[in-house]
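Chemist: Here you go, one structure.
There are 2 protein chains.
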Amino acid sequence: MADRSVTLPQARIEALEDVATRLRIDSIRATTAAKSGHPTSAASAADLVAATFFDAMRFDPDHPRAVTSDRFVLSKGHAAPVLYAAWAEVGAIKREELLTLRQIDSDLEGHPTPRLPFVDVGTGSLGQGLGVGLGLALGARLAGSEARVWVLLGDGETAEGSVWEAVQLAAHRAAENLIAVVDVNALGQSGPTMLRHDLDAYRRRFAAFGWRVQTIDGHDMPAIVTALRRARRSRGAPSVVIARTVKGKGIEGVEGLEGWHGKPLPPDAAERAIAALESRLHHVPRPPIQRPRGRHQAPAAPATTGSRPDALTGAVATREAYGQALVRLGAVDARVVALDGDVKNSTYAERFFEAYPARSVEGFIAEQNMVSVAAGLAAQGLLPFASSFACFLTRAADQIRMAGISRSNVKFCGSHAGVSIGEDGPSQMGLEDLALFRAVPDAVVLYPADGVATDACVQLAGEYRGIVYIRTTRMKTDPVYPADEAFTIGGLKVVRARDDDRLTVVAAGITLHEALAAADELAAKGIFARIVDLYCLKPVDRTALVEAARATGGALLTVEDHYAEGGLGAAVAEALSDTGIVVHRLAVREIPHSGSPRQLLERYGIGRAAIVRSVDEILAQGPR
Amino acid sequence: MADRSVTLPQARIEALEDVATRLRIDSIRATTAAKSGHPTSAASAADLVAATFFDAMRFDPDHPRAVTSDRFVLSKGHAAPVLYAAWAEVGAIKREELLTLRQIDSDLEGHPTPRLPFVDVGTGSLGQGLGVGLGLALGARLAGSEARVWVLLGDGETAEGSVWEAVQLAAHRAAENLIAVVDVNALGQSGPTMLRHDLDAYRRRFAAFGWRVQTIDGHDMPAIVTALRRARRSRGAPSVVIARTVKGKGIEGVEGLEGWHGKPLPPDAAERAIAALESRLHHVPRPPIQRPRGRHQAPAAPATTGSRPDALTGAVATREAYGQALVRLGAVDARVVALDGDVKNSTYAERFFEAYPARSVEGFIAEQNMVSVAAGLAAQGLLPFASSFACFLTRAADQIRMAGISRSNVKFCGSHAGVSIGEDGPSQMGLEDLALFRAVPDAVVLYPADGVATDACVQLAGEYRGIVYIRTTRMKTDPVYPADEAFTIGGLKVVRARDDDRLTVVAAGITLHEALAAADELAAKGIFARIVDLYCLKPVDRTALVEAARATGGALLTVEDHYAEGGLGAAVAEALSDTGIVVHRLAVREIPHSGSPRQLLERYGIGRAAIVRSVDEILAQGPR
């Protein structure tokens, strides 16, 4: 247990105890009114939250997202009622509003979302808060801010590997401004946690990963205050306070019992519990909020990038063009930060790492944490670009899902898309990444085919407020567009067209080059095909697709280096499903094998020969 | 360093050193011939692999997948050449075959896949091998086998949180038959690893998680043999051998250098390196393979389940029906194993846990590891059913992707699908799970609407060899089918039909009930709609959909509690894209809010009122 040498004025302790009691009362009231929710998970954390908000934190209630303001991340998002109650104590929410918890017109949702000004990211998918906290901490450090980041974790969620990804990177980065508090109430949803109340096991684990550890009784206010103050002063490494707590603490008849996870109290029991809690109030006035020194620094406003360098206009791999474009963007926009998962030499994020080391975060082989850190950086007003192999971004699918719910301003780049990567085999091929990102609401999905388009996509990503996914190709490809070509979110390019086109082929990225080669072969036979570059898969330009189809016999042929489900062909089929336009689709329909890119493109039916064959067959069927 | 007290015959040491030298030679030859691959990653592990295969392991080369046979999992899958070379030493592959590495007609792919009889699961997405190994170990224990599971990890991949998920569960389960070997060569792909050669940091971490740890020089054969033998004898906890190695060890001019990850040697350099290695051979005969005692036990053959109990035929939540059906299947099929991520009381997997505790694995809040363990159990001939909230299965998207590549016989159940879960909010709603599972090749995707259909889906999942996803609903729903109704993979049900139907509504799960309610309202107005239950979203019954559409004016209306991308509507639009049939789609198109199920179904346009409105609009437009 942390030593208690620091003597604290009794009045302050009692004031904090009163805050904690009110947090419990409000959590019970709100969940009973909502007839659902997690009062017992709120109760175990109430003392920790009270001390964090009213003794440990330095924050600005009027600008909770200021980079100079300490941040609080409720990683155990199901304890939302205690978070809302704390902000009511702060004065950011009216106390009566707490009773609208979980109602359809209230922003006090079942689990926190950034619809609330003091919530940086949505939580509720466990094990993600610490990585987000690390991103917030690195962002504060980057801005020269003294602010700390406080993350409250549940004990059960420390079973998530993503927590240990954040733990090790925080230690590696010596993130002394990151403080974790673990609410060890020993009870999960369906039974006891793995470690129950073995606080020493938690101590050993965090210590082994290089953290400063304190273990305390999480309901002993002087101990909590002392530990949090010490953590705040800690230097050279991140700190964790492991707090032994009781689930449902302070709620009579429920305290420490199994079977009460996620269950509100019935009205009568709630009234009894609230009465008992009220009788414990010392009626000492609430401690004042401690505001930070310094002012909010607005993120640097971007300037415009100059004209595209020759390096982007020749034959280049779009993954390499991505690296160059990111450097170009970083030169004019100080908000740009790059994140990598130990493949920066393959994604070419390396170029940015070399040019702007201070704005680069090597996340090592831990994609989940890379995405959470990016979400935290975005919540500090930065513009993070996280890149890996397209297939390895699936490792962070849940973090990407939560970034979507958080409306995080994070950009993703997935390289090595599809079978065209060649010999490395299926485990290295991104063949479901388009399906993953298309299913994120409001996300923009881009798939450039050459250096110029890639540069434009990176620029567009920087301008769009929200999640953007850019898919790049491993191999070098020929230039398609002149240096000054303009691209837009929601656009497409008709790359080749004649009045006597008999079919439209819709492709993107690597398959655009296959489609163009196929069009040449067909043209030699007197058969002309319109070629569309669907560089923006979401949102998709429905009108232009309809126009192209109608102009070429009412049919389209899509070709993609992706599985048949949820990718380019699906985007087109979904967009045109109510038009009666016929959409023929070429896609990868089985688990691919190792081989050369050319062999694989043809073996899986998405290469130039397959396209020619398919066009011939479609035209042979004649108009419908 | 592990003590060396055990004295080993020099001849055996030299024989093992010769094996290691040949593994290096073969790895260089194969990668140089392939002009790609990872010889330096193979070289750092060669001594460890030689000692594991020819001193530590007890296995049956003729039945490598026998439950009595030790298993070897190459978690660092990019070192595939050393794995293939080892099996060539064993005699399972002809040495000349090694030169076909990475060719399109060779099963020796860039990263290992189960196309090879001695590979249990595909590896190459790092950080998954230890969880698979734990599954193999638990499966062996379940069969009463003495077999051990040996997992070779790279140091870089220990940054993946999934490794620590496996580490903690293995300790919690006291999996003494699981032995991890970490090849600490200190170099990742794009730079040094986080811990470089700090072996003590690895020791502290594994020890803190309750493992037996030995640290050794990974190129000192006597030390390796001693450590592996001690690990084999270890009882009460899993063991890890942390081995300090040099990347490219034994390959002159490359040894220990950065910038050589994933690069083959040029032919001339390869010849020089091979000559130097050959000069080190002691020319001592290879040690014999040590075979296990006992015979291969075939998994129990399933009997047939009896008739469905009344509990399944009334109003029931399909998630609850899943739990009951799983118990029913488990009663007749001893291969059935259930896995949970601390939500078994919500998914109702709890029912199986209560009935068959010995065949139940509580994975706690660590979904990635739950899926890897399931893949390992399947590789022991078991029939694992892993369940969680649908949204939390996205946490394991990459493990599911690899299970697909591994053609693992794993079944998944995702509960709490869609906005119909209600007040908990978006972080708890599975709205992209159908897109995720549909993008897994050969996977079957099922979405039952009542208890009878759920029971049938669980039966079908057990009969199908491969990945099956079953989506369940949180709320109770009315019965739709009689107790004896038959269902098939690839089927659908026309639930309501008349000759004068004017439109077909395609729904599944919760939306089938909304569609039926809407049909009643429409019928009251004299408008009749055909209702299709698309309980199998993959493979989809294209013929029956076309038939229904043609019979009802050539149009369909799909309704789903899922985002508009990649789900039910997409499955139908994709399947019918080349038919000209018009597919109108109702789906969730924004990030939902908290609220009551009924409020949310209507607010997001997939409830009965929205369906009625949509049908009226479509019919008002008249036939196209």
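If you read the protein sequences in the order shown, they are chains A and B.
FYI, in numbering that gives the first Met the number 0 the residues of the first sequence are 0 to 623.
FYI, in numbering that gives the first Met the number 0 the residues of the second sequence are 0 to 623.
Each residue gets a CB set at the ideal place from its N, CA and C atoms; glycine is no exception.
In this text the structure is predicted, and so the values were computed from the model without any measurement.
Does the beta-carbon of E88 of chain B have 16 or more other beta-carbons within 10 angstroms, so that it is buried, or is it exposed?
Modeler: Under this definition E88 of chain B is a buried residue.
Chemist: Let me make sure I understand the geometry here. Which of A:S26, A:F53 and A:V531 has the alpha-carbon closest to that of P693 of chain A?
Modeler: Because chain A in this structure spans residues 0 to 623, residue 693 of chain A falls outside the shown range and cannot be described.
Chemist: Who does K537 of chain A pair with in a DSSP beta bridge?
Modeler: In DSSP, K537 of chain A forms a bridge with A:V444.
Chemist: Any C-beta of chain B within less than 7 Å: which residues of the segment 439-451 of chain A qualify?
Modeler: Cβ contacts with chain B: P440.
Chemist: Can you tell me where the beta strand (DSSP E) holding P383 of chain A begins and where it ends?
Modeler: P383 of chain A -> beta strand (DSSP E) spans L382 to F388.
Chemist: Less than 7 Å between CB atoms is the rule here; does E513 of chain A satisfy it with respect to chain B?
Modeler: So, not an interface residue.
Chemist: What does DSSP give as the partner residues of F71 of chain A in its beta bridges?
Modeler: Partner(s): A:W149.
Chemist: On the CB-based measure, 16 or more other CB atoms within 10 Å of its CB, does H512 of chain B come out buried or exposed?
Modeler: By the 10 Å Cβ count, H512 of chain B comes out buried.
Chemist: Taking only the alpha-carbon atoms, compute the straight-line gap between E676 of chain A and G594 of chain B and give it to the nearest angstrom.
Modeler: Residue numbering for chain A in the displayed model covers 0 to 623; residue 676 of chain A lies beyond these limits and cannot be assessed.
Chemist: For L533 of chain A, count neighbouring C-beta atoms within 10 Å of its own C-beta (all shown protein chains included) and say buried if the count is 16 or more, exposed if not.
Modeler: Its Cβ being crowded by 16 or more others within 10 Å, L533 of chain A is buried.
Chemist: Going by DSSP, what residues sit across from D119 of chain A in a beta bridge?
Modeler: For D119 of chain A, which the question treats as bridged, DSSP gives no partner whatsoever.
Chemist: Looking only at DSSP bridge pairs, what is G413 of chain B linked to?
Modeler: BP columns for G413 of chain B point to B:S387 and B:R470.
Chemist: By DSSP, does L264 of chain B sit in helix, in strand, or in coil?
Modeler: Coil, per DSSP.
Chemist: Counting only beta-carbon atoms, is Y480 of chain A nearer than 7 Å to chain B?
Modeler: With 7 Å as the cut-off, Y480 of chain A does not count as an interface residue toward chain B.
Chemist: For chain B, is any of its Cβ atoms less than 7 Å away from the one on F363 of chain A?
Modeler: Yes, F363 of chain A lies at the interface with chain B (some Cβ there is under 7 Å from its Cβ).
Chemist: Below 8 Å between beta carbons is the criterion; list the residues of the segment 19-33 of chain A that meet it against any residue of chain B, in chain order.
Modeler: For the segment 19-33 of chain A, which is checked against every Cβ of chain B, the residues closer than 8 Å are A33.
Chemist: I want to verify the contact list: residues of chain A whose CB lies under 7 Å from the CB of Y562 of chain B, in sequence order.
Modeler: Under the 7 Å cutoff, chain A gives A438 and P440.
Chemist: So is P284 of chain B buried or exposed if we call it buried at 16+ other beta carbons inside 10 Å?
Modeler: So P284 of chain B ends up on the exposed side.
Chemist: So for A1 of chain B, helix, strand or coil by DSSP?
Modeler: At A1 of chain B the pLDDT is 45, less than 50, meaning the model places this residue with poor confidence; the figure from the coordinates comes in the next sentence. Three-state result, A1 of chain B: coil.
Chemist: Distance check for H260 of chain B and G130 of chain A, CA to CA, integer angstroms please.
Modeler: When rounded, the distance between both Cα atoms is 28 Å.
Chemist: What is the DSSP secondary structure of P191 of chain A, reduced to helix, strand or coil?
Modeler: Note: P191 of chain A maps to strand in three-state DSSP.
Chemist: In chain order, what residues of the segment 123-147 of chain A put their CB closer than 8 Å to some CB of chain B?
Modeler: Flagged, chain order: G123, S124, L125 and G126.
Chemist: Write down the C-beta distance between G708 of chain A and A434 of chain A rounded to the nearest angstrom, noting that I regard them as a contact closer than 8 Å.
Modeler: Limits of chain A in this structure are 0 at one end and 623 at the other, which puts residue 708 of chain A out of reach.
Chemist: Say whether chain A places a C-beta atom closer than 7 Å to the C-beta of R607 of chain B.
Modeler: Judged by the 7 Å Cβ criterion, R607 of chain B is not in contact with chain A.
Chemist: Please report the distance separating the alpha-carbon of V409 of chain B from that of L382 of chain B.
Modeler: Computed Cα separation, rounded: 7 Å.
Chemist: From R140 of chain B to V66 of chain B, what does the alpha carbon distance come to, in whole angstroms?
Modeler: Computed Cα separation, rounded: 9 Å.
Chemist: Residues of chain B with a CB under 7 Å from the CB of V582 of chain A: which are they?
Modeler: What V582 of chain A touches in chain B: S576 and D577.
Chemist: So is L280 of chain B buried or exposed if we call it buried at 16+ other beta carbons inside 10 Å?
Modeler: Per the 10 Å Cβ criterion, exposed.
Chemist: Residues in the same chain with beta-carbon distance under 6 Å from Q167 of chain B, minus the five sequence neighbours each way, listed in chain order, please.
Modeler: Within the same chain, Q167 of chain B has close Cβ partners F208.
Chemist: Output needed for A455 of chain A: all residues of its chain with C-beta closer than 6 Å, excluding positions within five of it in sequence on either side, in chain order.
Modeler: Closer than 6 Å at the Cβ level, and outside the excluded window around A455 of chain A, lie F486.
Chemist: Could you name the residues of chain D that K262 of chain A contacts, counting a contact when the two beta carbons are closer than 7 Å?
Modeler: Among the protein chains of the structure shown, namely A and B, there is no chain D.
Chemist: For R3 of chain A, which residues from the same chain have a beta carbon less than 7 Å from its beta carbon, with the 5 sequence-adjacent residues on both sides left out?
Modeler: Because the pLDDT of R3 of chain A is 49, which lies under 50, any placement of that residue in the model is unreliable, and the number read from its coordinates should be weighed accordingly. Closer than 7 Å at Cβ, skipping near neighbours: P221, A222 and T225.
Chemist: Would T711 of chain A be called buried (16 or more neighbouring beta carbons within 10 Å of its own) or exposed?
Modeler: Coverage of chain A is limited to positions 0 through 623, which leaves residue 711 of chain A absent and any answer about it impossible.
Chemist: Taking all protein chains shown into account, decide if Q9 of chain B is buried (16 or more other Cβ within 10 angstroms of its Cβ) or exposed.
Modeler: Looking at its Cβ environment, which holds fewer than 16 other Cβ atoms inside 10 Å, Q9 of chain B is exposed.
Chemist: Please go through the same chain and pick out, in chain order, the residues whose beta-carbon is closer than 7 Å to the beta-carbon of V81 of chain B, but skip the five residues on each side of it.
Modeler: So the list reads L22, S26, A41, A44, A45 and V48, once near-sequence residues are dropped.
Chemist: What is the residue span of the beta strand (DSSP E) that K343 of chain B lies within?
Modeler: K343 of chain B -> not in any beta strand (DSSP E); alpha helix (DSSP H) instead, spanning K343 to T346.
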